[in-house]
Amino acid sequence: MAVGTSLPWLGLLTLAVFDSVCYANAVLPRDAVPDGYVAAPYYPTPHGGWLASWTDSYAKAEALVAKMTLAEKTNITGGVGIYMGPCVGNTGSALRLGFPQMCLQDSALGVASTDNVTAFPAGITTGATWDKSLMYARGVALGQEFRGKGAHVYLGPTVGPLGRKPLGGRNWEGFGSDPVLQAVAAAETIKGVQQQGVIATIKHLIANEQEMYRMYNPFQPGYSSNIDDRTLHEVYLWPFAESIRAGVGSVMTAYNAVNGSACSQNSYLINGILKDELGFQGFVMSDWLSHISGVGSALAGLDMSMPGDTQIPLFGQSLWKYELTRSVLNGSVPLDRLNDMATRIVAAWYQLGQDKNYPPPNFSSNTHDRNGLLYPAAVLSPIGQVNWFVNVQADHYKVAREVAQDAITLLKNDASLLPLSTSRSIKVFGTDAQVNPDGPNACGNRACNKGTLGMGWGSGVADYPYFDDPITAIKKRAGDVKLYATDTFPSVPTPNDDDVAIVFITSDAGENSFTVEGNHGDRDASKLSAWHNGDTLVQKAAAKYKNVIVVVHTVGPLILEPWIDLPSVKSVLFAHLPGQEAGESLANIIFGDASPSGHLPYSITKKSTDLPDSVANLRGFAIGQVQDTYSEGLYIDYRYLNKVGTAPRFAFGHGLSYTNFTYDATIASVTKLTEPTPTPRAAKGPTPQFSTAIPPASEAYIPKGFNVIWRYLYSWLPNGEADAAYAVGVAGTKKYDYPAGYSTTQTAGPAAGGDQGGNPALWDVAYEISVTVKNTGSKFPGKASAQAYVQFPDGIPYDTPVVQLRDFEKTAVLNPGESVTVTLKITRKDVSVWDTRVQNWVVPNSDGRRFTVWIGEASDKLFTACYTDSLTCETGVKSPV
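Going left to right, the sequence shown walks through residues -24 to -1, 1 to 857 as mature numbering (1 follows the signal peptide of the UniProt record, and there is no 0) numbers them.
Below is the structure:
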């Protein structure tokens, strides 16, 4: 999302002018999209409701929507205006029929802008656990808190950005720079959230891979992410497909364009891929203030406009609401499309059981006071109780702490410096070691880097109920601890050889709505260096002390070369973004209460130029539309490094432990892949049927005596305007220039579709690998992460990465000498490529050539090879990386 909910009214005006969307016809002509990148038209929007798993919900929705007036239907498809209700997004309602105003609320790591909630570790931290059970448990806790606060829609999880660019500002909201890691974490989160009856939102569709120039505004279009079809399917759509397969109820579009067409009105993405190929049954919403057309976006498949205003939200104007009512009456938007919009929204409400005993919102995003303005953006607003201070935290701190702890990634541990004895003399350096002295929530939207960095900045944050900081936790354990709360190395007494220095450094990022220390969301100023001269702080500590531990709180990878090889720098811990439980989680690792078990969710290169320019650098200003062309194709992160033979400093998946593990594997065939393409899809089931006749104008009349709130967005029209629109519609004289390729004929759908996420045969398990993991150490217990990477056969007519992550499992704690067997699964999709000619997933081994499934604990630490032709595994063979 674009707007932090605590912005003052003046901030709203500033944001509207400089970081928002204007009417599409006011945007300057864009630079040409490169040849070969096309946003093909795809019409009409496929009707929802054709899948058996949604049949009951759609039947109920059909019955309810059939009773709605035109104004009620258009009312629930749009927000009532920015800052015009308790939540960051508030839909219209159909209270006459029992359908409430829905509350849509940030953020992906906790209920934003309210109190008595948990500030969970960020997505990137969750990805670093490599633990499916923790991903799910975090989702359960998030869902319980959103429900407890009365929020119908959780605006998360985030998988776009996927993390293509290390400098990207919002990578930390997602789970890592690999489609499978992102997909698994998102699906587990969605399952956990939605089992609590809360609608999850997978976002942002798609390719919002940098913050700068993302938004359309009066002077410049948002940048265009230019992606080829195969790369789109195999990399960026992969997590969305898995999220839809998990049953996600809503999807949020991105601010930017894809192949020249804005995501909020890109018919190929929304109608073609999302709703037809991937079988999405829920509703599609715009990101906040990214809605740039009325009729065009409706025809392209958008179902909900958020927060409802035009892109400069000043005077209570909307591209939908009353304008959508007008467009249906005058025949511009077929009633069939509006019926599908409304039915999708209502069906999602039923699918999650929100029609029964769902609590109303009991908080306000606009103030922490008990009483406040009911409609803060209105000039005159009634005042009433807006906060009930409901505590929803339960014991969720336990899940938050476990995620933060199990994500901590040990990159280096020379001479086994860690874990420390509590009797060591410890000197702590860096302001990141303690909570912000002004208070953990002193900076609105966390738009500063002061004190321990627990989350990035922007709309993806939550307020801390408290902050357990590292220095407090360290002092609880050890008796001889001194903090130097400065980022400039101080004058210190000459240390003993046994003294330990712990140096805390950071790197921050966030949303483009805020600039922090010269960084415009993306890390455009700091690049991949530590903030606050952190590299110098480490170097000076290393010159003074013989035993240095570096703790890094960061949104993503850093260049560590200025100090990583210094002899005194014995240990390095990446603690990522731990949320409120930063202290005990870290102390448990430092002092050996737990062995580190986190693994990197991205690669750390030796220099930024180790990655291609299209990935390493942000796109800069251009006259017209900024073009961000994905010329690297499939090759991001470890895929690219492996392709060109460049060794990273620390590879994707890397993570050390205080103990050691072995991995022994066997492979079994589960489903024979006798055909290169999946079993033909089943036909679509029936969908709701409604009258398509233009409704009477009276269904749009403003009710007599209704008290209108200024700036509140309504779906009614003045009686005369409704009558005039109706007259045009029934006469058929409205001449609307429909887009190229426009059609109203429903289609059978593509061969690659057939169920939520795509053809269900894609998830047929082809091979199972049983991996026996043993703790071979003699002293420490620990958890291991078994990772499976697929290597495609030589000689196939497709270029494929050297290895690609396909599954992973984390063990429970294993004591020395103890072993456990985990199962890794390889599906048909895992060994398929997207064939752009046949427009389907193809297994490229019809002649029986073998795939190799590599098992290990990092993308560059692959110990065991399992072969799909002979169904044998061997250890000790040379890995391809």
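Note that the Cβ used here is the ideal one computed from N, Cα and C, for glycine as well. Note that the structure is a prediction, hence the values are computed from the model and not measured.
The continuous beta strand (DSSP E) containing Trp817 extends over residues 816 to 818.
By the criterion of a C-beta distance shorter than 7 Å, Leu71 is surrounded by no residue of its chain, once the five residues flanking it on both sides are discounted.
Per DSSP, Arg72 is not a residue of any beta strand (DSSP E), being assigned neither H nor E. Going by C-alpha positions, Ala501 is about 38 Å away from Gln120.
Runs of the alpha helix (DSSP H) lying entirely within the region 436 to 491 and spanning at least 4 residues, in chain order: 446 to 453. Along the length of the region 580 to 650, whole beta strand (DSSP E) runs at least 3 residues long occupy 603 to 605, 637 to 645, reported in chain order. With contacts defined as CB atoms closer than 8 Å, Ala737 and Ile831 fail to qualify as a contacting pair. The beta carbon of Ser584 lies closer than 6 Å to those of Leu504, Ala592 in the same chain, with the five residues before and after it left out.
Less than 8 Å separates the beta-carbon of Leu553 from that of Gly432.
Rounded to whole angstroms, the gap between the alpha carbons of Tyr326 and Val796 is 42 Å.
With the rule of 3 Cβ pairs closer than 8 Å, the region 571 to 579 counts as touching the region 755 to 762.
Of the other Cβ atoms in all chains shown, 16 or more fall within 10 Å of the Cβ of Thr105; this residue is therefore buried. Three or more beta-carbon pairs separated by less than 8 Å link the region 463 to 481 to the region 517 to 528, which places the two stretches in contact. For Leu181, the pairing in a beta bridge is given by DSSP as Thr229. Around the beta carbon of Tyr774, fewer than 16 other beta carbons sit within 10 angstroms, so the residue counts as exposed.
In this chain, the alpha helix (DSSP H) harbouring Tyr326 covers 311 to 327.
Partner residues in a beta bridge of Leu553, as assigned by DSSP, do not exist.
Each of Trp507, Tyr634, Leu576 was checked against the Cα of Phe628, and the nearest Cα belongs to Leu576. If you look at Phe216, you'll find it in the alpha helix (DSSP H) that goes 214 to 221.
When only Cα atoms are considered, Pro137 and Lys680 end up about 47 Å apart.
In this structure the region 778 to 785 does not lie against the region 689 to 696, because fewer than three pairs of beta carbons, one per stretch, are closer than 8 Å.
Contact annotation: the region 556 to 565 does not touch the region 600 to 618, with fewer than three C-beta pairs closer than 8 Å. Counting only unbroken stretches of 3 or more residues, the beta strand (DSSP E) elements lying wholly within the region 732 to 761 are 741 to 751, in sequence order. Around the C-beta of Phe216, 16 or more other C-beta atoms lie within 10 Å, and the residue is accordingly described as buried. Residue burial annotation: Val646 is exposed, with fewer than 16 other C-beta atoms found within 10 angstroms of its C-beta. Contact annotation, Lys801 with Glu744: C-beta distance approximately 6 Å; criterion of less than 8 Å satisfied. One alpha carbon belongs to Leu549, the other to Lys786, and they sit about 19 Å apart.
Going by DSSP, His529 is part of the beta strand (DSSP E) stretching over 524 to 530. Uninterrupted alpha helix (DSSP H) stretches at least 4 residues long and entirely within the region 370 to 405 occur at 372 to 383, given in chain order. A straight line joining the alpha-carbon of Arg422 with that of Gly99 spans about 16 Å.
In the DSSP secondary-structure assignment, Ile565 is not bridged to any residue. Boundaries cannot be given for Val211, as no alpha helix (DSSP H) includes it and DSSP labels it neither H nor E. Distance from Ser200 to Ala233 at the Cβ level is roughly 4 Å; contact confirmed, criterion being Cβ atoms closer than 8 Å. By the beta-carbon neighbour count (other beta carbons within 10 angstroms, threshold 16), Gly25 is buried.
The region 61 to 76 and the region 694 to 710 do not touch, with fewer than three beta-carbon pairs separated by less than 8 Å. With a threshold of 16 other beta carbon atoms within 10 Å, Ile599 falls short and is exposed.
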